[in-house]
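Chemist: Per this note's numbering: the sequence shown = residues 877 to 1033.
Every residue, glycine too, gets a C-beta built ideally from N, C-alpha and C.
Structure in structure tokens, see below.
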Amino acid sequence: GPSKNLWMDTFFARKSTDMVLDQDLAGKTIVFSGGTDGMGRVAVERLASMGADIYLVARNPDKAAKVISEIETKSFAGNMTTIRCDLSSLDDVRKAANEILEKCKRIDLLVNCAGGNISPRQLSPEGYELNFVVNYLSSFLLIELLLDRIQSNPNKA
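Shown next, in the form of structure tokens:
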């Protein structure tokens, strides 16, 4: 009959996500929004443990500093920097993108993980519904503003 190893290999094969998570990201630059809580926080920690340099786009710089401090105490190799940005303001997104472009000569990966459910209904400074701005427009704008820098990098992550 089949060996235990064949059975294990068939039913518990290594997942492609495991292979991705084993990559060495030393020297790679990642811009990450939404990395101070939940899934984003876990992802930032994992990416840092893989050696990536991370620019953490966050509304609350104190909270971001605490996250960075906690991750750095685990002796991860990547450098981490906070970029203050309130994603409910498109003007703030533009300012953050300019700061990122000044600090990052290359961007290998952009992760937009920020989002929320804002209730009751509110409007952004620009007059848009706040959930729409935070969950969609700000991510789209950040992509648009950083896309040339991302695409100019021949060695994207």
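1) Would you tell me roughly how many angstroms separate the C-alpha atoms of Ala973 and Ala941, rounded to the nearest one?
2) Apart from the five residues just before and just after Ile983, which ones in its own chain have a Cβ nearer than 7 angstroms to its Cβ?
3) Using C-beta distances below 7 angstroms, list every residue in its chain close to Ser964, excluding the 5 sequence neighbours before and after it, in chain order.
4) My output table needs one value for Glu946: the three-state DSSP class, helix, strand or coil.
5) Count the other CB atoms, across all protein chains shown, that sit within 10 Å of the CB of Ser1015; report buried if there are 16 or more and exposed otherwise.
6) Counting only beta-carbon separations shorter than 8 angstroms, does Ser1028 have a partner in chain D?
7) Quick one: residues in its chain with C-beta nearer than 7 angstroms to the C-beta of Ile994, no 5 flanking neighbours on either side, listed in chain order?
8) Taking a contact to mean a Cβ-Cβ separation below 8 angstroms, would you say Asn955 touches Asp938 in this structure?
9) Going by beta-carbon coordinates alone, are Cys980 and Gly911 separated by less than 8 angstroms?
10) Specify, as a first and last residue, the run of the beta strand (DSSP E) that Val920 falls within.
11) Please say whether Leu966 and Leu1017 have beta carbons closer to each other than 8 angstroms?
12) Note down the Cα distance separating Val987 from Ser909, rounded to an integer number of angstroms.
Modeler: The answer reads as follows:
1) Spanning the alpha carbons of Ala973 and Ala941 requires a straight line of approximately 19 angstroms.
2) Around Ile983: Thr905, Val907, Leu1022, Arg1025, Ile1026 and Asn1029.
3) For Ser964, where only same-chain residues beyond five positions count, the Cβ hits under 7 angstroms are Ser1000, Leu1006, Val1009 and Val1010.
4) Note: Glu946 maps to helix in three-state DSSP.
5) By the C-beta density criterion, Ser1015 is buried, having at least 16 other C-beta atoms within 10 angstroms.
6) Protein chain content of the structure displayed is limited to a single chain, and chain D is not contained in it.
7) Closer than 7 angstroms at Cβ, skipping near neighbours: Leu1006, Asn1007 and Val1010.
8) In terms of Cβ geometry, Asn955 and Asp938 do not form a close pair [threshold 8 angstroms].
9) The criterion of a C-beta distance shorter than 8 angstroms is not satisfied by Cys980 and Gly911.
10) Where Val920 is concerned, there is no enclosing beta strand (DSSP E), although the alpha helix (DSSP H) it sits in stretches over Gly914 to Ser925.
11) Yes; because the gap between Cβ atoms is below 8 angstroms, this pair is in contact.
12) One C-alpha to the other measures close to 6 angstroms.
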